[in-house]
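Peer 1: For what it's worth, the numbering used here labels the leading residue of the sequence shown as 9, then goes sequentially. Before I ask anything, here is the structure I am working with.
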Amino acid sequence: MNVPVANLSLDQKIELLLNNPINPNVILEGQINPYILISDLIEVNSGSNMTPRQQIELMKQLDHQYKGKLLNGSGPLSKAFRTRYRDIQGQQEILQKVALDIDPYADI
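What follows is the structure, given as structure tokens:
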């Protein structure tokens with residue numbers, strides 16, 4: 009049975025990429041963009057106006073939900089997840105520096 013990728017749920021798409029990290033029929037045809045998929049995953053699971061720290065915690069929970077395959081995997085989805093994770097960590101570091109510049113005794 010061959011189900012069109014467009015008919016798969018977000019979780020099914022993630023499982024497809026995690027279990028078939030190099031599937032040219034899915035990835036090379038552009039049916040699933042790993043970076044958009046990660047953005048969708050975070051958006052669906054997050055509340056509005058999450059701080060970078062909260063987003064990092066959410067991403068750790070999502071990684072745990074997928075048995076560590078998001079941060080430690082080798083496929084394109086894991087690469088997209090790690091890239092997003094590092095971007096958010098960078099945002100958090102900038103916010104910490106700005107907060108400490110404003111108030112050196114801030115509890116961050």
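For each residue, glycine too, the CB sits at the ideal point set by N, CA and C.
1) Locate the alpha helix (DSSP H) running through Ile96, then write down its first and last residues.
2) Can you tell me whether Leu36 is helix, strand or coil according to DSSP?
3) Once the 5 residues before and after Arg90 are set aside, which same chain residues still bring their CB inside 7 Å of it?
4) How would you label Pro112, buried or exposed, when you count the other beta carbons within 10 angstroms and need 16 or more for buried?
5) Could you spell out the range, first to last residue, of the alpha helix (DSSP H) harbouring Tyr43?
6) Below 7 Å between beta carbons: does that hold for Ser54 and Leu66?
7) Is the beta carbon of Gln100 closer than 7 Å to that of Arg61?
Peer 2: If we stick to the structure as given:
1) Here the question's residue 96 lines up with position 88 in the sequence shown. Ile96 -> alpha helix (DSSP H) spans Pro84 to Ile110.
2) Translated into the one-based positions of the sequence shown, residue 36 becomes position 28. Here the model assigns Leu36 a pLDDT of 47, short of 50, so the residue's position is not dependable and the matter cannot be decided.
3) For the purposes of this step, residue 90 is identified with residue 82 of the sequence shown, where counting begins at 1. Answer for Arg90: Leu79, listed in chain order.
4) Position 104 of the sequence shown, counted from the first residue, corresponds to residue 112. Pro112 comes out exposed.
5) Counting from one through the sequence shown, the residue named residue 43 turns up at place 35. It spans Pro42 to Asn53 - the alpha helix (DSSP H) in which Tyr43 sits, taken as one unbroken run.
6) Sequence index remark: in the sequence shown, residue 54 carries index 46 (1-based). Sequence index remark: in the sequence shown, residue 66 carries index 58 (1-based). Going by C-beta atoms, Ser54 is nearer than 7 Å to Leu66.
7) In the sequence shown, the residue the question calls residue 61 occupies position 53. In the sequence shown, the residue the question calls residue 100 occupies position 92. Cβ distance < 7 Å, so Arg61 and Gln100 count as in contact.
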